[in-house]
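S.K.: Just passing along the structure, written as structure tokens.
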Amino acid sequence: MSKSELRRLDREIRKTAAKLEAVQRGEWWPLTRRERLSMTRALASGARSVHQGRSTTGAENRMDSIESSITARLNAELTALHGEKQRLITEAAREKAAKKSSGWW
77 MSKSELRRLD
87 REIRKTAAKL
97 EAVQRGEWWP
107 LTRRERLSMT
117 RALASGARSV
127 HQGRSTTGAE
137 NRMDSIESSI
147 TARLNAELTA
157 LHGEKQRLIT
167 EAAREKAAKK
177 SSGWW
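Start counting the sequence shown at 77; every next residue gets the next number (the working numbering).
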């Protein structure tokens, strides 16, 4: 394990956490192209409903559902990054312990 790998993982963790916070604030910049397209379609559907004098509940529910899936995706990414960081730390500790027990000082 090198320190650069840990720094890279820490940087990715910070980026992903910032994306998650942005999504929770309602910002769209962290969305993928497909997610942005789905949100735009739901928004347009709601605008059409308003124009026709109908309820926007369906469009709002779709947007909430899309936001939930985005949040789940970002949480999964964060969990995977934390797991990878922990694996690297554990691996380095094992190597260090093995060197110490084999007489390498």
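By construction, the Cβ of each residue, glycine as well, lies at the ideal position given by its N, Cα and C atoms.
Exposed or buried, which one is Leu157 when buried takes at least 16 other CB atoms within 10 Å?
M.R.: buried
S.K.: Quick check on the burial criterion: 16 or more other C-beta atoms within 10 angstroms. Buried or exposed for Ala118?
M.R.: buried
S.K.: Would you say Ile142 and Leu82 are within 9 Å of each other, going by their C-beta atoms?
M.R.: Contact flag unset, no.
S.K.: By the DSSP assignment, the alpha helix (DSSP H) with Ser114 in it spans what residues?
M.R.: 109 to 127
S.K.: State the Cα-Cα distance for the pair Arg112 and Asn137, rounded to the nearest angstrom.
M.R.: 16 Å
S.K.: Pick from Thr147, Glu160, Thr155, Gln162: whose alpha carbon is nearest that of Glu103?
M.R.: Thr147
S.K.: Work out the CA separation of Gly122 and Gly130 for me, nearest whole Å.
M.R.: The sequence shown places Arg at residue 130, rather than the Gly named in the question. Going from the Cα of Arg130 to the Cα of Gly122 covers about 9 Å.
S.K.: Please check the pair Thr132 and Ser125, which I expect to be a contact at CB under 8 Å, by giving their CB distance rounded to whole angstroms.
M.R.: 5 Å
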